[in-house]
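The structure appears below as structure tokens.
Residue numbers (my numbering), protein chains in the order written: chain A, 1 to 152; chain B, 1001 to 1152; chain C, 2001 to 2088; chain D, 3001 to 3088.
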């Protein structure tokens, strides 16, 4: 069981958690969530806004593939991914991942796996606007190496 | 920054997340949460209820110690732990851990660390009531080995 | 209570509380008693054969700190006896 | 459009979209063209020296699947050209 959404509008952690919990029917012992936020400072300086571009259809499919990989690797009851696109400001929520499982080891590993792969394999392009200029950013080497570690 | 609560009443994930987010002031990029739920089946059979007993004062101090260890080991912006006590039913929320950090690797590791140590070092006693009888349960060997791995 | 003894409050938790049927008792023990001597006294009171009061299976906290059984007990100490914790 | 050519829709994303000033164009290419030939045509149209259309820096998806540059293009294919993805 999983759901993947790519949307401009903000998400409510509570609404998603309530919906997820109803689907679990007493089988889950562990729910691990990740919320990604826009930081007011990045590695390159102050951030006044972040623009996320996607490719409708292909982006959703790229996230689905990541979720399915996680479901094949761990015993999971539910996976929810909501990723925002468009213009975001510091402190805004960017991404929500919820992973429910019977036991916490599976839920922690799968949630971290989904996030690591989202950072390298999900079809998004990011443009950061700082104090003066806007720059299209690239995957960090750290992200690439974290993602590779899961393949070893 | 951290807060530790041991309480009978249920918690609202949303209320805790809103309060946490206000304290972050744009510095956090990653928030990892864990929600523990009562499963309707345990390793020993059906669960009709779970009773958690604590030692007021000592229990809170044991959790504080775990949180402080996590803060010494990783770069964390906020840690929230809410642990319920008393009589709980399947599907009830037992524990909430929220860890906020600039980067996701710290938040994931610290949240898992706090949960693993809560399972072995937090001062609680659990009694599981099944279809027929009530049994005081012991730490599982798996919990003990997960907790030890952090010390290596 | 004589000049050479003291009264301490002892808390019980979990299975031990259930077996003994009480969560807190007052006990009079000699001054300069140790945890060992206190456990001995409790075993005498509740029956030495009760497996749940087997001292190999209990943990003792004095003032909310787990202690060894040779630890000395003082007047006004908060003493607690319980089975091994099972965690959250 | 003659009998030996076809018109395809090409989408651009991110920095490429910004540089070219458009998110989608129609291009007429010969039947049995490959991605390579399409990129050649785009370079001719937008200036061969534009570094952002450097074929070493672009990825191409045909029908939302990343493909190699020797992939053949067919009528009605959905073609997209973009810089390396940066992830979520």
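Ideal Cβ positions, reconstructed from N, Cα and C, are used throughout, including at glycine. What you are looking at is a predicted structure, and each value in this text was computed from that prediction instead of being measured.
Query	Result
Name, going along the chain, the residues of the stretch 1109-1139 of chain B whose beta-carbon falls closer than 7 Å to a beta-carbon of chain A.	1112, 1115
Taking residue 3012/D as the query, report the chain A residues whose CB atoms sit under 9 Å from its CB, ordered along the chain.	Those do not exist, as residue 3012/D stays about 10 Å from chain A at its closest Cβ, beyond 9 Å.
With C-beta atoms as the reference, is residue 1063/B less than 8 Å away from residue 1081/B?	yes
Does the beta carbon of residue 1083/B sit closer than 8 Å to a beta carbon anywhere in chain C?	yes
Suppose you measure from the CA of residue 2001/C to the CA of residue 2028/C; what does that come to, to the nearest Å?	In this prediction, residue 2001/C has a pLDDT of 48, which is less than 50 and means its spatial position is unreliable; nothing more can be read from the coordinates.
Listing by chain order, which chain D residues have their CB less than 7 Å from the CB of residue 95/A?	3088
Contact between the stretch 10-28 of chain A and the stretch 75-91 of chain A: three or more CB pairs below 8 Å?	yes
Is the CB of residue 1/A under 8 Å away from at least one CB in chain D?	no
I think residue 1120/B touches residue 1099/B, with their Cβ atoms under 8 Å apart; what is that distance to the nearest whole Å?	Not quite, the Cβ-Cβ distance comes to about 18 Å (not below 8 Å), so this is no contact.
Taking residue 1072/B as the reference, which of 1113/B, 1118/B, 1033/B, 1085/B has the closest Cα?	1113/B
Residue 1078/B bridges to which residues according to DSSP?	1100/B
State the CB to CB distance for the pair residue 3024/D and residue 3010/D, rounded to an integer number of angstroms; the pair is presumed to be in contact (CB under 8 Å).	7 Å
Any contact of the stretch 1035-1051 of chain B with the stretch 49-59 of chain A, i.e. 3+ C-beta pairs under 8 Å?	no
With residue 1017/B as the anchor, note down where its alpha helix (DSSP H) starts and where it stops.	1013-1024
Would you call the stretch 1082-1095 of chain B and the stretch 1004-1017 of chain B touching, i.e. three or more CB-CB distances under 8 Å?	yes
From the DSSP output, which residues share a beta bridge with residue 50/A?	88/A, 128/A
In whole angstroms, what is the alpha-carbon distance linking residue 139/A and residue 3045/D?	30 Å
What residue range is occupied by the uninterrupted alpha helix (DSSP H) comprising residue 3078/D?	Note, residue 3078/D: premise wrong, no alpha helix (DSSP H); beta strand (DSSP E) at 3078-3082.
Assuming contact is defined by CB atoms lying nearer than 8 Å, are residue 3083/D and residue 125/A in contact in what I supplied?	yes
Less than 8 Å separating the beta-carbons of residue 3064/D and residue 3006/D?	no
So what's residue 38/A in DSSP terms, helix, strand or just coil?	coil
On the CB-based measure, 16 or more other CB atoms within 10 Å of its CB, does residue 1116/B come out buried or exposed?	buried
Check the Cβ of residue 1053/B against every Cβ in chain C and list those closer than 7 Å, keeping chain order.	2013, 2014
Would you say residue 1030/B and residue 1134/B are within 8 Å of each other, going by their C-beta atoms?	no
Along the chain, where does the alpha helix (DSSP H) containing residue 2007/C start, and where does it finish?	Segment 2005-2012 is the beta strand (DSSP E) holding residue 2007/C; no alpha helix (DSSP H) there.
Residues of chain D with a CB under 7 Å from the CB of residue 143/A: which are they?	3087
Expressed to the nearest angstrom, what Euclidean distance is found between the alpha-carbon atoms of residue 1032/B and residue 1127/B?	29 Å
Let me check one thing: in DSSP terms, what residues is residue 1136/B bridge-paired to?	1127/B
Here's the rule I'm using: 16 or more other beta-carbon atoms within 10 Å means buried, otherwise exposed. How should residue 1025/B be labelled?	exposed
Where does the unbroken alpha helix (DSSP H) through residue 3060/D begin, and where does it stop?	Premise fails: residue 3060/D lies in the beta strand (DSSP E), 3059-3062, not in any alpha helix (DSSP H).
Could you please give the first and the last residue of the uninterrupted beta strand (DSSP E) stretch that includes residue 1003/B?	1002-1007
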